[in-house]
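Worksheet for the structure shown next.
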Amino acid sequence: MSMARAIERFVPDGSTVAMGVALEPLIPFAAGHEMIRQGRRELELVGPISDSLFDQLIGAGCVRRVTAAWVGNVSEGLGHCYRRACEQQIPRAVEVHDHSNFSISLALWAAAWNVPSLPTRTLLGSDILANSPGLSVRDGLVHVDAVRPDVAVVHVQRADEHGRAHAWGPLGITEEAGLAADRVVITCEEVVEAEVTLSDPNRILFPETKVVAVVHEPGGAHPSPVQGYFKRDHAFYGEYAERSRSVEGFTAWLEQWVGGIQDRPHYMQRIDIDRLRITRHRPSVPVDFGDE
Amino acid sequence: MSMARAIERFVPDGSTVAMGVALEPLIPFAAGHEMIRQGRRELELVGPISDSLFDQLIGAGCVRRVTAAWVGNVSEGLGHCYRRACEQQIPRAVEVHDHSNFSISLALWAAAWNVPSLPTRTLLGSDILANSPGLSVRDGLVHVDAVRPDVAVVHVQRADEHGRAHAWGPLGITEEAGLAADRVVITCEEVVEAEVTLSDPNRILFPETKVVAVVHEPGGAHPSPVQGYFKRDHAFYGEYAERSRSVEGFTAWLEQWVGGIQDRPHYMQRIDIDRLRITRHRPSVPVDFGDE
Amino acid sequence: MTSKAYTPQELMVAVASREIRDGDLVFVGMRQPMLAYAVARNAHAPNARGLFEVGLMRDQPASAFLGTMGDPPNVAGALWATRMSNAMALMAQGSVDLGFIGGAEVDRFGNLNTSYVGEPRSPMVKLPGSGGGADIAILSRRWVTLMTHERRRLVDRVSFITSPGHGDGTRGWRKTNGLLGAGPVAIITTLGVLRFPEGGGESYLASVHPGHTVDELLAETGWPLRVPDDVSETSAPTAAELAAIRRFDPGGFWTGRQLHNNDPNATGA
Amino acid sequence: MTSKAYTPQELMVAVASREIRDGDLVFVGMRQPMLAYAVARNAHAPNARGLFEVGLMRDQPASAFLGTMGDPPNVAGALWATRMSNAMALMAQGSVDLGFIGGAEVDRFGNLNTSYVGEPRSPMVKLPGSGGGADIAILSRRWVTLMTHERRRLVDRVSFITSPGHGDGTRGWRKTNGLLGAGPVAIITTLGVLRFPEGGGESYLASVHPGHTVDELLAETGWPLRVPDDVSETSAPTAAELAAIRRFDPGGFWTGRQLHNNDPNATGA
């Protein structure tokens, strides 16, 4: 399925969308940019740290609420669009449901297991408790209310057309986000034959019954890193941080990299991707699923 | 480390021991038999379904309490030693903390996350609630108290000497059992170089900080299946079911297969292992952990 | 009982397979239901998927005989090899359309006992326990149980509810008590099929297997079973169904063509 | 400040590395602490291990520069690549000996604010939030924070406690409120090191960095900081420490040898 079609069909206005669930790697920037291009509105974004992507969606006016542990630019610091939205309602006010990394994971596990909340000791003593409607204290424990995304958008290294996705490297809250979500949209570096994914069913992230779209989108996580494929483009994050300091700078950045670009293949033509391509390979040693 | 040494050091009398955590496959029979040989007493066994191993330990008088969802013989039915212990206190009374498969998993997740209990809707309406001290109902939900094993004994396909274990196939409650336990004893088909395990860190089951022993014990899961290595020995389960119907039959079985055998290598000499060996190989397609 | 072209277990498997609808996600379990899944998948439900609590999802049934759901042929070609709690998560979300549960005893309201006959503190018979049975009974959208039809197994009220069906039989008992799914929809026995009214309550006789009578069935049922006017005869296994059953259980291990003394559902004694 | 053979950030990294004991499991985080871990591991703590909330455990520091903990060189050679909730599980069990947390503001009791300056509903400055900071603050056995020493950063009381230190400074505040670990043990700044009494309470000055004075430090501290008689001078980075720092941050990205306007800890404005 094309990215445009997947976003149009499965991420309507008002959706609760989990993204960036592997933390710094595998962030589905191409999917987020398509949401901006399609003028998506009133989204609730769910994620742990969201390295710049949430900032861009907020700056583009797509976002009604952020349910996250951290919104900024991991190597550079503050999220300037996030600041403007929270401090000056530019381009619009954004409701913030603060979490910690652990509590957003638990909120998704609660949804995955279909219980109203899960208990934890984290956040005891933190003022986050008083500022987030989904957190309460009873009997000396924090109870983290379930967060149920309508859709989780997950970038992976390889998937087959039936929705069986292989990702590797640290996985952050990927698994609970996919299980908690009503549906999962996969974007991937490579579409492979089912015999590849089924050769290693332990590496399949989600039940295929959750997956509604597989989008072949090489480079779709740029500037975030993809183990085995691409290094992180630190300079790109740096440039975004600088240019997004002002509304004008952000608007120009957005036009250059999102609005004025048709799709990710055209975006990739403007990136010196070979500079980022990983060339030192480290293949995993196979295991044997032999059965008879 | 030898099996005898590992059991002596890390599974003392009175321990709470999780085993059979992958359900039907990868059951650490060799470790359990060594506990019997060493005359271990007052164990609390923790697991989901335990396919015959718990029955054997109960029959041998090692067990004070069973905290499990099911104790029997999966392909054959009832656990005769378990019946005798519960019905006639032969060879001794055993306390039973009943669970369902889901609730024993949650009990271990509660321990892994270090919270007193986790909520669920499973077991609502079941009489198990009234019969298991670790289960209670509040606000329309079942709260499953944490179960913290002193040790989880886990059989895997391959591990390195530092405790990094690779297992594949369905994993049942392996992960939560290892995280919940104070310590993990690994028994494995193959000891491999660290470069093998570290070539695929996603497949490493547990943080090495949990693992206190790695025992090289080929065939250590017989008669349970080991993906890529051994088929399940259905006939062996059938014979055990038949012979364990009487105390005398069980005693003779135990002498033949446990008491009268020095260790697992000698046990393996009495098995026609080639009949069970998997010869149709299905290697997983490698993934690339390339980084630069 | 006259000799037939099929065993009672083969008929039960065929009937069970008809409970599977195309596209269903089925919590398969073991033994006869595993065969029922294979039969359905090869016949009227080519888009069904099976979920196994050991931590597996499959489409195609395994290509070789399975003694347990964790046997290597059930893993090869799996669509997902994962943790049990993830499989349970799907069920807790209401994504499992149909479950199968075995039991030693079932009662008029579809409650199953696989735990204790007699007092739990000093039982006459200690049965293996719930396994995933209680989870399926409470969380799957609907479920079915298979049972040898004997008076000691089909009892008025089970002494211990391991896997709740419709509880005390009052309408809406499950909803009132917070159970998620609709509960048992059929008890498939060696003599016939019992069903339940929508919304729960007491089982009734839906069909009698070929070669058996209503009276014979009532005599082996531990309560005065409701018998509607329109009780039918269960359709015998088709040739295609039998062929599929025998393909997946070539030795008759699960379908009674092999002597198998230690019946897993036996209450012993 | 006179020109030195090292930058203030390099000194901070060296001091931070000394907080790591051999055998510690360290919740490493990003930036300077990542370097501190690399330095310690190559010097006095060869058996330390690092845990990263992205879902990684390592022994050896990554062989190449890291912009984030999730960069590919931090994954290659990892001892465990897993889910965040598993890393958090270890910390919730008390298995993480030491954590590092960054912050925009710290107060006299070691509480950190990385959320809001001003009213949360209409903040003067919206900071990025907790990330894993609050988790580390509450669950790790002890923790350390690194901070530019400025009056607007070292404040009497933070307006918003994101990551709790010793709360209101009463003895045993953490225990009373159910927090697991011992809390902050040091605030390492660009001018000196502040420490806390065992059991919690108010920070005090432990050492002043070479080239700086107590008075200079007090002038940049937003409360009347306790100054014991035995305040020492912080040991300068050793040649070995500097060599290690520069090996892992060859461009000086994290240690101030490169112009870096967009300081992640900046409160902006």
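Protein chains in written order, with our numbering: chain A, 982 to 1273; chain B, 982 to 1273; chain C, 246 to 514; chain D, 246 to 514. Think of the CB as a built atom: it goes at the ideal place given N, C-alpha and C, for glycine as much as any other residue.
Taking Gly274 (chain D) as reference, the option from D:Thr313, D:Leu439, D:Asp267 with the minimal CA-CA separation is D:Thr313. Residue-level contact check: Arg328 (chain C) touches chain B, since one or more beta carbons of chain B fall below 8 Å from its beta carbon.
Here the alpha carbons of His1061 (chain A) and Gly339 (chain D) stand approximately 36 Å from one another.
Boundaries cannot be given for Gln1019 (chain B), as no beta strand (DSSP E) includes it and DSSP labels it neither H nor E.
Under a criterion of Cβ atoms nearer than 7 Å, the residues of chain C adjacent to Arg1145 (chain A) are, in order, Leu324.
With fewer than 16 other Cβ atoms from the protein chains shown falling within 10 Å of its own Cβ, Ala488 (chain D) counts as exposed. At a cut-off of 8 Å, the C-beta of Asp1272 (chain A) has a neighbouring C-beta in chain C. The count of Cβ pairs closer than 8 Å, one atom from the stretch 1074 to 1092 of chain A and one from the stretch 1154 to 1170 of chain A, reaches three, so the stretches are in contact. Counting the other Cβ atoms within 10 Å of the Cβ of Met257 (chain D) gives 16 or more, which makes it buried. For the stretch 1167 to 1199 of chain B, no residue has a beta-carbon sitting nearer than 9 Å to a beta-carbon of chain C.
The beta-bridge partner set that DSSP reports for Glu1076 (chain A) consists of A:Arg1046. Contacts with chain C at 8 Å (Cβ-Cβ) include Asn1095 (chain A).
The beta carbon of Thr466 (chain C) lies closer than 6 Å to those of Leu399 in the same chain, with the five residues before and after it left out.
Neighbourhood of Leu1160 (chain A) in chain C, by CB distance below 9 Å: Asn331, Ala334, Leu335, Gln338, in chain order.
Only those residues of the stretch 1052 to 1069 of chain A whose C-beta falls short of 7 Å from the nearest C-beta of chain D are listed: Val1052, Gly1053, Val1055, Ser1056, Glu1057, Gly1058, Leu1059, Gly1060, Tyr1063, Arg1064, Cys1067, Glu1068. Put simply, the CB of Leu270 (chain D) is near chain B, with a gap under 8 Å to one of its CB atoms. Distance from the CA of Val351 (chain D) to the CA of Arg402 (chain D), rounded to the nearest whole angstrom, comes to 8 Å.
When C-beta distances to chain A are compared with 8 Å, the residues of the stretch 1096 to 1125 of chain B below that value are Val1096, Pro1097, Ser1098, Leu1099, Pro1100, Thr1101, Arg1102, Leu1122, in chain order. For a cut-off of 8 Å, the C-beta gap from Gly1219 (chain A) to Leu1004 (chain A) is around 19 Å, too long to register as a contact. For Pro1246 (chain B), the enclosing alpha helix (DSSP H) has its first and last residue at 1245 to 1250. Between Glu989 (chain A) and chain D, the shortest Cβ-Cβ separation is not below 8 Å. Interface criterion not met: the Cβ of His1136 (chain A) is under 8 Å from no Cβ in chain D.
Under the DSSP definition of a beta bridge, Ser1117 (chain A) partners with A:His1124. Val430 (chain D) and Leu1104 (chain A) have their C-alpha atoms spaced approximately 19 Å apart. Under the 10 Å beta carbon count, Ser983 (chain A) is surrounded by fewer than 16 other beta carbons and is classified as exposed. Short of 8 Å from the beta carbon of Gly446 (chain C), and not among the five residues preceding or following it, lie these beta carbons of its own chain, in chain order: Phe354, His411, Gly414, Thr415, Arg416.
Counting only runs of at least 4 residues, the stretch 323 to 360 of chain D fully encloses the following alpha helix (DSSP H) elements, listed from N- to C-terminal order: 329 to 337. Excluding residues up to 5 positions away in sequence, Gly1042 lie with their Cβ nearer than 6 Å to the Cβ of Pro1072 (chain A) in the same chain. Judged by DSSP in its simplified three-state form, Arg1263 (chain A) adopts coil rather than helix or strand. Close to chain B, meaning a Cβ-Cβ distance shorter than 9 Å, are the following residues of the stretch 272 to 300 of chain C: Met275, Arg276, Phe297, Glu298, Val299, Gly300. Measuring C-alpha to C-alpha distances from Glu264 (chain D) to each of D:Asp474, D:Gly344, D:Ser404, D:Asp475 identifies D:Gly344 as the nearest. If you draw a straight line from the Cα of Ser330 (chain D) to the Cα of Asp380 (chain D), it comes to about 11 Å. Pairing Leu1257 (chain A) with Pro1130 (chain B), the inter-Cα distance amounts to about 46 Å. Within 10 angstroms of the beta-carbon of Glu298 (chain D) lie 16 or more other beta-carbons, which makes it buried.
A straight-line Cα-Cα distance of about 22 Å links Val1027 (chain B) and Thr1190 (chain B).
For Glu1170 (chain B), there is no enclosing alpha helix (DSSP H); the residue is part of the beta strand (DSSP E) that begins and ends at 1164 to 1172.
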